[in-house]
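Take a look at the structure below.
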Amino acid sequence: MTMHNSTDNQFDVDSSIDELGIGLIPPSHQTKKPSELFFVWCAANIGILGVVYGAIIVSFGLSFFQSVLAAIVGVASFSLVGISSIAGKIGRTTTLTLSRSSFGKKGSIAPTAFCWLNLMGWEAVNIITGTLTLVALFVAVGFEENTFLTTFSLILFGGLTVAVSILGQDTVLTMQKWITRTFGAMTFVVAVYLMFTANWHTILALPSGDWLTGFLPAVSIIAAGTGINWAIAGADYSRDQSPHSSQGSIFQSVVGGTALPLIMLMLTGILLTSQIPDLASNENPISAIGKLLPNWMAIPYLAAAVAGIITIAVLSLYSASLNLLSMGVKLKQRTAITLDAIIVLTIAVYVLFISGDFLGPFISFLVFCGIFLASWAAIFVTDFYHNHVKQGVVTPIDLLMVKFTFYKRSNNLIVHLFAFRKTNGFSY
Numbered sequence: 239m240t241m242h243n244s245t246d247n248q249f250d251v252d253s254s255i256d257e258l259g260i261g262l263i264p265p266s267h268q269t270k271k272p273s274e275l276f277f278v279w280c281a282a283n284i285g286i287l288g289v290v291y292g293a294i295i296v297s298f299g300l301s302f303f304q305s306v307l308a309a310i311v312g313v314a315s316f317s318l319v320g321i322s323s324i325a326g327k328i329g330r331t332t333t334l335t336l337s338r339s340s341f342g343k344k345g346s347i348a349p350t351a352f353c354w355l356n357l358m359g360w361e362a363v364n365i366i367t368g369t370l371t372l373v374a375l376f377v378a379v380g381f382e383e384n385t386f387l388t389t390f391s392l393i394l395f396g397g398l399t400v401a402v403s404i405l406g407q408d409t410v411l412t413m414q415k416w417i418t419r420t421f422g423a424m425t426f427v428v429a430v431y432l433m434f435t436a437n438w439h440t441i442l443a444l445p446s447g448d449w450l451t452g453f454l455p456a457v458s459i460i461a462a463g464t465g466i467n468w469a470i471a472g473a474d475y476s477r478d479q480s481p482h483s484s485q486g487s488i489f490q491s492v493v494g495g496t497a498l499p500l501i502m503l504m505l506t507g508i509l510l511t512s513q514i515p516d517l518a519s520n521e522n523p524i525s526a527i528g529k530l531l532p533n534w535m536a537i538p539y540l541a542a543a544v545a546g547i548i549t550i551a552v553l554s555l556y557s558a559s560l561n562l563l564s565m566g567v568k569l570k571q572r573t574a575i576t577l578d579a580i581i582v583l584t585i586a587v588y589v590l591f592i593s594g595d596f597l598g599p600f601i602s603f604l605v606f607c608g609i610f611l612a613s614w615a616a617i618f619v620t621d622f623y624h625n626h627v628k629q630g631v632v633t634p635i636d637l638l639m640v641k642f643t644f645y646k647r648s649n650n651l652i653v654h655l656f657a658f659r660k661t662n663g664f665s666y
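Written out as structure tokens, the structure reads:
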């Protein structure tokens with residue numbers, strides 16, 4: 239198995255890792271610290287979606303205690319991202335490229351294509367949601383809502399997302415750190431206010447639900463939308479971690495950076511169901527939550543909501559471009575980002591200006607994708623553990639150049655399809 243520009247000697251020390259694409263990161267560029275991963279994943283989880291997840295948990299008929307427990311267990315799925323991040327540090331390349339060690343170079347094309355489709359789908363959802371939130375922000379400061387404002391918001395939000403992604407991973411990391419510190423604080427203030435104004439008596443009086451038909455499905459939805467969904471991108475942002483970064487520190491930074499904002503936001507969503515009973519199914523949850531806030535808090539709230547969506551959109555677009563390269567498409571990464579951007583912006587234009595009822599079924603399809611990703615993650619993590627921990631495979635060349643038999647490649651693909659079929663049946 240060979241990789242484009244994968245040797246250290248082929249890489250200009252003055253170049254950025256983005257010019258390397260999915261090639262191996264040279265040791266001279268492995269300089270990042272685990273703390274930077276904390277900001278990457280913290281920023282990616284300060285968005286309003288966490289609040290909606292909390293409301294979704296309650297919709298399964300669970301009590302307050304069961305809902306909080308479901309949130310914590312669901313967020314624990316980000317352990318998968320922590321493990322794939324460790325694999326990134328060892329393998330020095332992207333997640334889906336590393337998955338070739340599980341499925342083979344050709345055998346990994348189909349799973350990689352599905353993962354690319356999943357990221358592109360969520361990217362389209364993020365662009366649409368971000369545009370609508372930006373429109374609400376402009377309306378809050380006095381602008382009139384119309385087609386021109388929606389168009390301008392789409393250009394502004396989409397343009398910013400594409401620009402940051404094209405500027406490269408260092409820019410992405412800088413933006414994530416800045417947004418975490420600035421808008422993360424705003425989000426925290428809003429969440430605390432909503433917690434203090436919630437109807438605690440009503441929430442605490444919720445009856446207990448069934449552990450099998452209520453609790454487990456709630457956990458599966460949260461896991462599918464959080465850790466399982468992002469497991470395919472963990473190594474993308476850890477491939478340039480310093481060799482001195484301990485595996486424990488990487489794991490803790492990833493999981494901790496996620497758990498801190500996400501559990502707090504889901505708790506907020508759980509509490510808000512006492513004031514907004516239909517929050518989980520509301521067509522515009524951002525607007526519904528905004529109505530509970532005093533006027534002076536509306537603009538900071540909307541600004542924080544926009545920033546939170548941008549962070550997710552940038553990560554989705556950046557990782558989608560890497561997945562496209564992992565499928566064997568011969569493009570520079572910046573060209574791949576541009577191509578992906580054209581596709582998702584076309585979807586956004588269709589939803590915003592032509593078919594307004596497309597988003598709901600589309601999101602349902604993306605949640606369905608989580609079933610496929612769960613089986614992929616199980617195989618990738620198990621295979622990585624077997625090769626790295628049990629057999630002592632510790633170098634990126636060893637990890638990527640594992641000699642496969644036709645039986646092993648076929649066996650993993652068969653297991654993947656079987657797991658998808660069984661989990662799909664269980665989900666219904």
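Using our numbering, read the sequence shown as starting at 239 and increasing by one per residue. For every residue, glycine included, the Cβ atom is placed at its ideal position computed from N, Cα and C. It should be emphasised that the depicted structure is a prediction, and the values quoted were computed from it without experimental measurement.
- Within 10 angstroms of the beta-carbon of E361 lie 16 or more other beta-carbons, which makes it buried.
- About 4 angstroms separates the beta carbons of F421 and A542, which is inside the 8 angstroms limit, making them a contact pair.
- The beta carbons of G396 and A586 sit closer together than 9 angstroms.
- Look at Q513 here: in three-state DSSP terms it is coil, with no helix or strand label.
- With distances taken between CA atoms, Y475 lies nearest to G406 out of L355, G406 and G342.
- Remark: three or more beta-carbon pairs, one from each stretch, lie closer than 8 angstroms, so the region 256-276 and the region 331-341 are flagged as touching.
- The beta carbon of A282 sits closer than 6 angstroms to the beta carbons of T549, I550 and L553 from its chain, once the five residues preceding and following it are set aside; these are given in chain order.
- Contact between V289 and T506 holds: CB atoms are separated by about 5 angstroms, below the 8 angstroms threshold.
- At the C-beta level, I295 and A309 come within 9 angstroms of one another.
- The region 554-563 makes no contact with the region 531-542; the number of CB pairs closer than 8 angstroms stays below 3.
- The alpha-carbon separation between D578 and L392 amounts to approximately 16 angstroms.
- In this structure, DSSP gives Q479 an extended state, which the three-state scheme calls strand.
- Here S403 has V410, V552, L555, Y556, S559, I575 and A579 as same chain residues with Cβ atoms under 8 angstroms from its own Cβ, once five neighbours each way along the sequence are excluded.
- Between the C-alpha atoms of V278 and G312 there is a straight-line separation of about 19 angstroms.
- As the crow flies, the alpha-carbon of K343 is around 40 angstroms from that of L503.
- Residue state for K270 is assigned as strand, using DSSP reduced to three classes.
- Sequence-distant Cβ neighbours of T369 in its own chain, meaning closer than 8 angstroms and more than five residues away, are T388, S391, L392, F395, G396, A586 and L590.
- S512 and L442 have their C-alpha atoms some 10 angstroms from each other.
- The beta carbon of G299 lies closer than 6 angstroms to those of G447 and G452 in the same chain, with the five residues before and after it left out.
- Out of G359, I417 and P272, the CA that lies nearest to the CA of F606 is found in G359.
- Bounds of any alpha helix (DSSP H) do not take in M565, whose DSSP letter is neither H nor E.
- For I295, the enclosing alpha helix (DSSP H) stretches over residues L287 to V296.
- Judged by beta-carbon spacing, S297 lies within the 9 angstroms limit of S519, meaning their Cβ atoms are closer than that value.
- Here the alpha carbon of F302 sits roughly 15 angstroms from the alpha carbon of L454.
- The C-beta distance from M535 to W354 rounds to 39 angstroms, too long to meet the 8 angstroms contact threshold.
- Distance from the CA atom of S317 to the CA atom of L509, rounded to whole angstroms, is 26 angstroms.
- Take the alpha-carbon of E274 and the one of N522: they are about 33 angstroms apart.
- Here N356 carries a helix assignment [DSSP, helix/strand/coil].
- Less than 9 angstroms separates the beta-carbon of A473 from that of A325.
- With a beta-carbon spacing of about 34 angstroms, P445 and C280 fall beyond the 8 angstroms limit used to define contacts.
- No residue range can be given for S315, since it is assigned to no alpha helix (DSSP H) and is classified by DSSP as neither H nor E.
- F381 and L432 have their C-alpha atoms roughly 27 angstroms apart.
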